[in-house]
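Please read the structure below before turning to the comments.
2 protein chains.
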Amino acid sequence: MSADQLWSNGTLARHAGNVPRMRAVVLDDHGGPEVLTICEVADPEPGVGEIAVAVEQTALNRADVLQRMGMYPDPRGREVEIPGLEYAGTVAALGPEVTGWSVGDRVMGIEAGGCYAERVVTHARQALPVPSAVAAGDAVAIPEVFLTAWDALVVQGGLTSGRWALVHAGASGVGTAAIQIARAIGARIAVTCSAGKAQACRDLGADVVLERSPADWLAAWRDAVPGGADVVLDVIGGEEAERNLHAAAIDGTVVQVGLMGGANASVNLGLLLTKRVTWIGTTLRSRPIERKIALAQRFIAEVNPLFERGLLRPVIDSRYPFERIGEAHSYMESNANVGKIVVDIVD
Amino acid sequence: MSADQLWSNGTLARHAGNVPRMRAVVLDDHGGPEVLTICEVADPEPGVGEIAVAVEQTALNRADVLQRMGMYPDPRGREVEIPGLEYAGTVAALGPEVTGWSVGDRVMGIEAGGCYAERVVTHARQALPVPSAVAAGDAVAIPEVFLTAWDALVVQGGLTSGRWALVHAGASGVGTAAIQIARAIGARIAVTCSAGKAQACRDLGADVVLERSPADWLAAWRDAVPGGADVVLDVIGGEEAERNLHAAAIDGTVVQVGLMGGANASVNLGLLLTKRVTWIGTTLRSRPIERKIALAQRFIAEVNPLFERGLLRPVIDSRYPFERIGEAHSYMESNANVGKIVVDIVD
């Protein structure tokens, strides 16, 4: 990787002259947290319809760990690999033909990569305004997990008032977002979690908390909610896949957003047929830009107001300075967090 | 089972007096085709909102074979078990509060059971008028397979013009309906079938015909349609399940309507996630009445006109008189049919 590289709109160009530079984590190698080294690269510049964001915080996601290990590359395939899926900060510059944003506006959002950096470029209509009720330094804990949980539960799963959601890893970032969203829209929610995190899930408002292992969560779930789950949100897969089909209600939906427990699953498809289950696999990262924008615009209309009304709040487990982002990764891999691990790019 | 039994609206009552009687196949035992014996039972009578149909034809479905063997009971759990999922005939009597039908109207439809009989009772809004372009004696070959194929491909799978469907068992009743529906709406369709049935599938209009076994249909499919299938309609399951995920396009849908190849499947869920596949399990038979009615009304509006315009036609393989219905079952189990096996209840 050369320091004389500038990219915009995904294309990489070389410049001989002086270009503005930013600090960013660039992955020259894949492996343990030690590969997360900060160096200087050229600022990205906004193209038509894009804005540049002065990033104040980024936050960690499980996908970042996989990307660091070389198992989940940036789908955009850029030459300089900067990880990081979400950002919060202020609008630093507007590309041509941008409306609706002014320099200095508080902004947050998700990208397919590039957010472990002082500056990121995004489509103006994919960026989310930071709700005024949320502290600027906490906003970065919103985009990835609330977009993921809301998209999975409500947009794809069809969760509504009165219905039951079952969400695995209730104390994770996505889990803590899911609990709050379900309550805010009048739905009921059960979560699975490891034993030490049960109280945190209850405190967030989970109606039912099921310890996952070695306990038999499925039996406890059946006792608690005999009618089954209208929507199951699963980040685990593997051996949970068939249990999810058992846990689903008639006409229920299983939304698979992760495979932390493994991709290989043995399932009894008789459950799929007799219950008329819909099993949806999904990721945000690989979607085409028009669908990311559509989701962002719906989120602004339907979810941002829930933050303004205090019905939702970001859940932050811990904060790390940019220079210690490797420690933040190690901490995420220890599975001790409840909610988001935030990285402050600026002091 | 007593001959003094009369049922209406799913309830069974005993009558001492003379009640009208009909011939019907009653399953006193489960097993081979020999358990399909015709006897006399009381006529069913239409309740509020229902019509009685003088059945002229019924037709065979794979589910009938499973029910005969005791593996797929009538979900209504009636005391007298009369199999048979579809009928065609004329309206014989109207229950209270029925509008839109007159005695003598040509009618066809599906039921959760009871159609191997001279008379069947159905909800007036679940019954379908026979398209005038279809010969009365052939109409029975429409309801189950065209409702199933259209519901799976279009209503649940979202198949539209320009998109690709992949349908297993292209020469089956559902397959022959699927080929015609896909062509009628401007979609493209590939089918798998056994070697001897390929020409029949081509004659019906399949764009691509793939021999299923021992040939490697997946490799041939990838060569033919590199972009993948927007909708996969599968009646097989088992070892085809993971191949279906491989065959699906990005954002594709797999609709599982049967498990003739077995319910147990080992699948790589990574395919589900990375392609954002939706995998839907479904059956018509167990749905609540309001959803059956909604589907019927939509079928009348969207599919019956395609029969009137000659774009769809029932595909009949063979006809058996009522007294030889056991032979019809044996023939279905030989897997030799292309299209529907019809049973004439009246001569």
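First to last, the sequence lines map onto chains A and B.
All you need for the working numbering is the position in the first sequence, starting with 1, plus 49.
All you need for the working numbering is the position in the second sequence, starting with 1, plus 49.
Ideal placement from N, C-alpha and C gives every residue a C-beta, glycine not left out.
Since the model is a prediction, treat every value here as computed from it, not as a measurement.
- For L202 of chain B against L208 of chain B, the beta-carbon gap comes to about 4 Å, under 8 Å, which counts as contact.
- At a cut-off of 7 Å between beta-carbon atoms, S315 of chain B makes contact with chain A.
- DSSP places N317 of chain A in the uninterrupted beta strand (DSSP E) bounded by 313-317.
- For the C-beta of V326 of chain A, the chain B residues within less than 7 Å are, from N- to C-terminus, G330.
- Judged by DSSP in its simplified three-state form, W266 of chain A adopts helix.
- For W150 of chain A, the three-state secondary structure derived from DSSP is coil.
- In the structure shown, P82 of chain A adopts helical secondary structure according to DSSP, grouped into three states.
- Not one beta carbon of chain B lies nearer than 7 Å to the beta carbon of A296 of chain A.
- Assigned with DSSP and collapsed to three states, V156 of chain A falls in strand.
- Buried is the label assigned to I238 of chain B, since at least 16 other Cβ atoms lie within 10 Å of its Cβ.
- In the structure shown, I100 of chain B falls within a strand segment according to DSSP collapsed to helix, strand and coil.
- One alpha carbon belongs to L360 of chain A, the other to R72 of chain A, and they sit about 36 Å apart.
- Close to chain A, meaning a Cβ-Cβ distance shorter than 7 Å, is no residue of the stretch 207-219 of chain B at all.
- In the structure shown, P178 of chain A adopts extended strand secondary structure according to DSSP, grouped into three states.
- Counting the other CB atoms within 10 Å of its CB gives R111 of chain B a total of 16 or more, which places it among the buried residues.
- Residues of the same chain with a CB within less than 6 Å of the CB of W213 of chain A, apart from the 5 flanking positions on each side, are R237, V274, A278, D279 in chain order.
- Within the stretch 64-96 of chain A, no residue places its CB atom closer than 7 Å to a CB of chain B.
- The three-state reading of DSSP puts C250 of chain A in helix, counting H, G and I together.
- Cβ neighbours of Y121 of chain A within its own chain (closer than 7 Å, five residues either side excluded): A112, L115.
- G286: these are the residues of the stretch 275-288 of chain B whose beta carbon lies less than 7 Å from some beta carbon of chain A, given in chain order.
- Interface criterion not met: the Cβ of Q175 of chain B is under 7 Å from no Cβ in chain A.
- Between the alpha carbons of A231 of chain B and T302 of chain B lies a distance of about 15 Å.
- Collapsing the DSSP output to three states places Y136 of chain A in a strand.
- Close partners of G319 of chain B in chain A (Cβ separation under 7 Å): L308, A312.
- For G307 of chain A, the closest C-alpha among the options A:L321, A:A296, A:T327, A:V281 is that of A:V281.
- With its beta carbon at least 7 Å from every one in chain A, L115 of chain B lies outside the interface.
- Under DSSP, C88 of chain B takes part in a beta bridge, and its partners are B:A73.
- Here the C-alpha atom of V84 of chain A lies approximately 54 Å from the C-alpha atom of L333 of chain B.
- Unbroken alpha helix (DSSP H) runs of no fewer than 4 residues, entirely contained in the stretch 335-385 of chain B, are found at 338-351, 353-357, 374-382, following chain order.
- As the crow flies, the alpha-carbon of N386 of chain A is around 27 Å from that of Q205 of chain A.
- L355 of chain A has a beta carbon lying at 7 Å or more from every beta carbon in chain B.
- Interface criterion not met: the Cβ of L333 of chain A is under 7 Å from no Cβ in chain B.
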